[in-house]
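Undergrad: Got a structure for you, questions after.
In my numbering, the protein residues as written are 126 to 316.
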């Protein structure tokens with residue numbers, strides 16, 4: 126699902142920002158690349174290493190395809206829980222909106238959601254038909270009306286195409302008018 130959503134956004138000239146972690150992040154980066162789009166991986170360690178190690182090849186592919194690896198940490202800095210949380214802050218900060226694919230109520234994605242709200246970014250949440258601990262955070266965000274836009278299932282994924290202008294306008298309307306980004310500067314974090 127994350128790969129398909131990233132591919133759709135990338136085809137609409139969105140830069141996909143994610144964290145290079147296994148699972149959703151990896152799928153998002155690969156989806157953007159499959160659409161010949163640009164993707165940025167924000168990491169919670171120095172750039173002299175890649176975590177997880179199995180994504181070293183993916184990191185190289187991202188760079189070779191005009192993407193970027195971003196870190197606020199100097200070489201030699203190892204990964205930690207705190208660094209991952211701060212990585213989430215950067216992911217949201219680089220983006221005009223955050224699209225939550227799957228999260229538990231206490232999942233790390235909730236840190237990104239909190240930064241998203243503080244940074245006045247648009248929050249888009251995928252509503253899953255099956256409720257379980259891995260999607261409980263999605264259900265919580267939707268029930269508490271924290272999502273700016275709710276997408277329901279893979280069957281509704283085409284709504285992304287028809288709602289893209291609405292999403293873009295919502296995201297841009299949240300930007301400080303003095304710091305408003307150019308119309309062609311569009312990024313989306315998928316987590």
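Glycine included, each C-beta is placed from N, C-alpha and C at the ideal position. Here the structure is a predicted model, which means the values were calculated and not measured.
Use the C-beta contact count for residue 162: other C-beta atoms within 10 angstroms, 16 or more gives buried, fewer gives exposed.
TA: buried
Undergrad: Going by other Cβ atoms of all chains shown within 10 Å of its Cβ, with 16 needed for buried, is residue 200 buried or exposed?
TA: exposed
Undergrad: Quick one, are the C-beta atoms of residue 255 and residue 275 less than 8 Å apart?
TA: no
Undergrad: What number of angstroms, rounded off, separates the C-alpha of residue 259 from the C-alpha of residue 232?
TA: Note on geometry: alpha-carbon atoms of residue 259 and residue 232 lie some 8 Å from one another.
Undergrad: Go ahead and pull the three-state DSSP assignment for residue 229.
TA: In the structure shown, residue 229 falls within a coil segment according to DSSP collapsed to helix, strand and coil.
Undergrad: Which word fits residue 155, buried or exposed, when buried means at least 16 other C-beta atoms lie within 10 angstroms of its C-beta?
TA: buried
Undergrad: With distance defined between alpha-carbon atoms, name the residue in 202, 242, 225 and 262 nearest to residue 218.
TA: Closest option to residue 218, Cα to Cα, is 242.
Undergrad: In angstroms with no decimal places, state the Cα-to-Cα distance between residue 170 and residue 204.
TA: 5 Å
Undergrad: Which complete beta strand (DSSP E) runs does the stretch 179-228 hold, if anything under 3 residues is left out?
TA: 193-195 and 222-225
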